[in-house]
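2 protein chains.
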Amino acid sequence: MSMDCKFESALEIFVGKWKPVILFQLFTNGTMRFSQLQKAIPDISKKMLTQQLRELEYHDIVNRKMYLQVPPKVEYTLTEYANNLEPVLNAMWEWSETHLKHLSELYGEERAQGDRT
Amino acid sequence: MSMDCKFESALEIFVGKWKPVILFQLFTNGTMRFSQLQKAIPDISKKMLTQQLRELEYHDIVNRKMYLQVPPKVEYTLTEYANNLEPVLNAMWEWSETHLKHLSELYGEERAQGDRT
DNA sequence: CGGCATCCCAAAAGATACTG
DNA sequence: CAGTATCTTTTGGGATGCCG
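The listed protein sequences derive, respectively, from chains A and B. Per UniProt numbering, the very first residue in the first sequence carries number 1; after that it's consecutive. Per UniProt numbering, the very first residue in the second sequence carries number 1; after that it's consecutive.
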């Protein structure tokens, strides 16, 4: 097993289109309900959100707490193990800020905000 | 455009199955030829490697230098702008180390090295 | 050597409808 | 509210062959 493979398989746990965004939300807001996450991430479908949360849960990154009541209520929190991911998420956040400025410089400030076309 | 969307679109530039691994290689080794990258990342196909490199090039993360000679020689390097990604890659690397230890603790040291089954 | 073009299959993900 | 189930579409990515 090569070094890259280990690196890659460790990344699989949280990279992808949605996981960083979900994790970022949970890091920022702490405990969140399913519907809260949906609102916070409008472009994700219910199916995807469920699926991604299940995978994160499987890998001991998020905790799922279900209240047996009507209507149902499910809360998601980060596990203690997820704290190890905080530096990555922070670095990603910094990068996204930097990248946005980069785009502004390339295409002009006003475009970067309105984002037409 | 929501905050998440900006975050997400910034991530799109380098997350995915292969980009972090490619970037990690370039950060570690500096300038690399196409065939060097192929050797370093055995599981990637020529097609994928080309494709991922083109996308990284498009986003000003890697630089492609082509020598007009026979046989051809193409060298890839990171751009200056790519330095902004270094903290992310480092954090990812740290995480992968941490995660590997985590697995060792769960399943035992010897298994984590030999990795049978 | 470092690609690109084409074909093809499998996996991912969207849409919609239904449920405890 | 927080999901499943099903179906369909889109995408990812492997295999092969050709080319400058």
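Every residue gets a Cβ at the ideal spot worked out from N, C-alpha and C, and that includes glycine. The structure displayed is predicted, hence computed values, not measured ones.
Close CB contacts of residue 67 of chain B within its chain, under the 6 Å cut and outside five residues either way in sequence, are with 73 (chain order). For secondary structure counted as the beta strand (DSSP E) over 3 or more consecutive residues, the UniProt domain "HTH hxlR-type" (5-104) of chain B holds these complete runs in sequence order: 62-67, 73-78.
A contact between stretches requires three or more CB pairs, one per stretch, nearer than 8 Å, and the region 47-55 of chain B fails this requirement with the region 32-45 of chain A. A Cβ-Cβ distance of about 5 Å is found for the pair residue 76 of chain A and residue 62 of chain A, placing them in contact under the 8 Å criterion. Straight across, the Cα-Cα distance linking residue 4 of chain B with residue 97 of chain B is about 28 Å. Residue contact with chain B for residue 74 of chain A: absent (no Cβ-Cβ distance below 8 Å to any residue of chain B). Taking C-beta atoms as the reference points, residue 17 of chain B and residue 56 of chain B fail to come closer than 8 Å. A Cβ-Cβ contact shorter than 8 Å links residue 85 of chain B with residue 95 of chain A.
Between the alpha carbons of residue 12 of chain B and residue 108 of chain B lies a distance of about 35 Å. The C-alpha of residue 79 of chain B lies about 7 Å from the C-alpha of residue 60 of chain B. With at least 16 other beta carbons inside 10 angstroms of its own, residue 26 of chain A counts as buried.
Taking a C-beta cut-off of 8 Å against chain B, the contacting residues of the region 32-50 of chain A are 40, 41, 42, 43, listed in chain order.
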